[in-house]
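If you want it as structure tokens, here you go:
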């Protein structure tokens, strides 16, 4: 072995090295079905998933989630309330409390045709009570003409006041931005400048704003996002630390000693700050430079593998189109899971709670009640709709549905990986790669996958789905335990989440390489996993470096695609260069580039996943080629000339033409 070659481990505890097989020419044709029991289990699970979907569809009503529900349990915008799509709250100030999450908003709620377009407060002391009655928003079936204004308000039949509102997810919420007057100390008045009173207290606009202040966080998301991106844009001046240090070198006062201060700008004006930044970046650069020097050989091999993967994809262009089918299938599975989850979540029964319970009563606000058996007259206690409660079996149904999502998605990923690896293995183990490539290698790989190995894929995806489900349960437990603030519990959960995250990464790595072995040899999942693991461990020095380097290079390729897409989109939307006059003016020019960048990343990930699978498959085939063959006339290498040149290997014979005669 020359000094430039990369050594391979030969520890027998990872199995014997592969020997030369004159009959081996890539993916074998004589194979049988593998892991059939797991396939039957997967089919049975899908049948159970369909049963869950059937009962969820029969019992559920997603309209209860999409549309709001009033205090009587009626769905706004549905049925006889079709012309009343919006939910109005009588006293929105009762909703501005953290207890709302548990007890619900303990105020009457009715469906209305449109949200109030003005701010109104009823005043029973004014003479024009009939005009005030016309503006009242009352409960269903209340005859305003037959009752006095005082009774309508005191008995809770109508809302005492309302604010200018607009609908958000079907709920009428006040427009906080336009609510406060120019003079916040001035009370609300009517058109005749009479101070509007409720009882003996003046109702000021600023008190309403303070009472509904917790809602302002949700109504100002747009402004919040704008500020976030503005801050991000302003942070670019932190770059080029060394240049900044040199510019401050001769500035008086910049060489002052560092002291503790809360003014961040004072640190930026100090010479020592930029010197520390420069030293840090210099150390990082030195480390990367040393890594580059010592790993240059492996980086060259990684680049050669990526080039070979590009050639294989170029020889089989259909491999670039193939990922669309698994992605479309995964999209359909996700849509099915979403629909089933909505129907399950909406199959609960409506629950009602007490409201306006006076002090000293046996009942309490927020406790359960039955509107059919409870008379709302008497002490003024109300029985209002709270939420749609979930039954115990609904939790298990959601658990089953979520596990089905994970298993089905990982199954689709496995089908795509086995199909692609079969095609790329056929490419590698072809002697003359310019002429003898199978005409439909991806078709052959897909056929062998579906015909023989769906059971093995179901087995591998089951293991990954099981670990992913455990991680979801740990996240749920962690969320529930946060309110107890136990450091020991949090530490244990953190360690468990980290361990299962690593375990899932390991299983996905082993499964991918096992799928490659399944595509080549046609063995079951366990045998293929063992063979792939032993092969990788015998070449661990190559695996550790080359795998991460190729992943990093492919990731950089995706970032380049995204960066170009975002740059073009930003120039197209955010500059004055208007290539198309139909583009409407936008308030936030950065939003289209962000959306385009996200879409570009998804598309780039789909196509680069093909290259990633090609690199992984060719890498395993390359390791096998190094073990099986030695370059002699009896055991020639199948690797490309570029790889042989990098490894200082060569076939010690003259290559033969397709007719069998020596090439000149």
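Numbering (my numbering), first residue to last: 1 to 664.
All C-beta atoms, glycine included, are put in the ideal place defined by N, C-alpha and C.
Does residue 649 come out as helix, strand or coil in the three-state DSSP assignment? coil
Inter-stretch contact at 8 Å, needing at least 3 Cβ pairs: the segment 516-528 / the segment 31-38: yes
Straight-line gap, residue 464 to residue 401 (C-alpha atoms, nearest Å): 16 Å
What are the partner residues of residue 166, as DSSP defines its beta bridges? 173
Which one of 78, 80 and 606 has the shortest CA to CA distance from residue 328? 606
Could I get the ranges of all uninterrupted alpha helix (DSSP H) runs contained in the segment 450-502, with 4 residues as the minimum, in chain order? 454-481
Spatially closest choice to residue 553 from 599, 347, 443 and 609, by CA coordinates: 609
Count the other C-beta atoms from every protein chain shown that fall within 10 angstroms of the C-beta of residue 244, then say buried if there are 16 or more, exposed otherwise. Confidence at residue 244 is low in this model, with a pLDDT of 46, below 50, so its placement is unreliable and the value that follows should be read with caution. Classification of residue 244: buried, given that the 10 Å Cβ count is 16 or more.
When burial is assigned at 16 or more other CB atoms within 10 Å of the CB, is residue 383 buried or exposed? buried
Counting pairs of Cβ atoms below 8 Å between the segment 493-507 and the segment 465-474, do you hit three or more? yes
Starting from residue 110 and walking both ways along the beta strand (DSSP E), at which residues does that stretch end? 109-112
Residue 632 Cβ short of 6 Å to the ligand NAP heavy atom set: Of ligands this structure carries none, so the ligand NAP is not represented either.
Cβ-Cβ distance between residue 425 and residue 335 below 7 Å: no
What are the start and end residues of each continuous alpha helix (DSSP H) run of 4 or more residues lying completely inside the segment 493-555, in chain order? 525-538
Kindly confirm or deny that the segment 132-150 and the segment 108-124 touch, where touching means at least three C-beta pairs closer than 8 Å. yes
For residue 105, three-class secondary structure by DSSP: coil
Please classify residue 459 as buried or exposed, where buried requires at least 16 other C-beta atoms within 10 Å of its C-beta. buried
If you drop the 5 nearest sequence neighbours on each side, which residues of the same chain put their C-beta closer than 7 Å to that of residue 408? 333
Name, in chain order, the residues that DSSP records as bridge partners for residue 75. 69
For residue 351, does the three-state DSSP call read helix, strand or coil? strand
Sequence-distant residues of its chain with Cβ nearer than 8 Å to residue 405 (five each side left out): 333, 334 and 337
So, at 7 Å on beta carbons, what are the nonlocal neighbours of residue 28 in its own chain, with the 5 sequence-adjacent residues on each side left out? 521 and 522
Using DSSP with H/G/I as helix, E/B as strand and the rest coil, what is residue 447? helix
Counting along the chain, where does the beta strand (DSSP E) carrying residue 89 start and finish? 86-89
Measure the C-alpha to C-alpha separation of residue 572 and residue 149 and round it to an integer number of angstroms. 60 Å
Using only alpha-carbon positions, find the residue among 604, 546, 641 and 590 that is nearest to residue 562. 604
Three-state secondary structure (DSSP) of residue 572: helix
Do you know how far the Cα of residue 397 is from the Cα of residue 52? 7 Å
With a 10 Å radius around its C-beta and 16 neighbouring C-beta atoms as the bar for buried, classify residue 257 as buried or exposed. In this predicted model, residue 257 has a pLDDT of only 47, less than 50, meaning its place in the structure is not dependable enough to derive any value.
Check whether residue 61 and residue 346 have beta carbons under 7 Å apart: yes
Can the beta-carbon of residue 318 be found less than 7 Å from the beta-carbon of residue 442? yes
Using the three-state DSSP reduction, which class does residue 40 fall into: helix, strand or coil? helix
Looking at the structure shown, is residue 143 part of a helix, part of a strand, or coil, going by DSSP? coil
Who are the near neighbours of residue 116 in its chain, counting only those whose CB is closer than 8 Å to its CB and skipping five residues on each side? 88, 137, 162, 163, 164, 165 and 172
Proximity below 7 Å, CB of residue 105 to CB of residue 95: yes
Return helix, strand or coil for residue 120, following the three-state DSSP convention. strand
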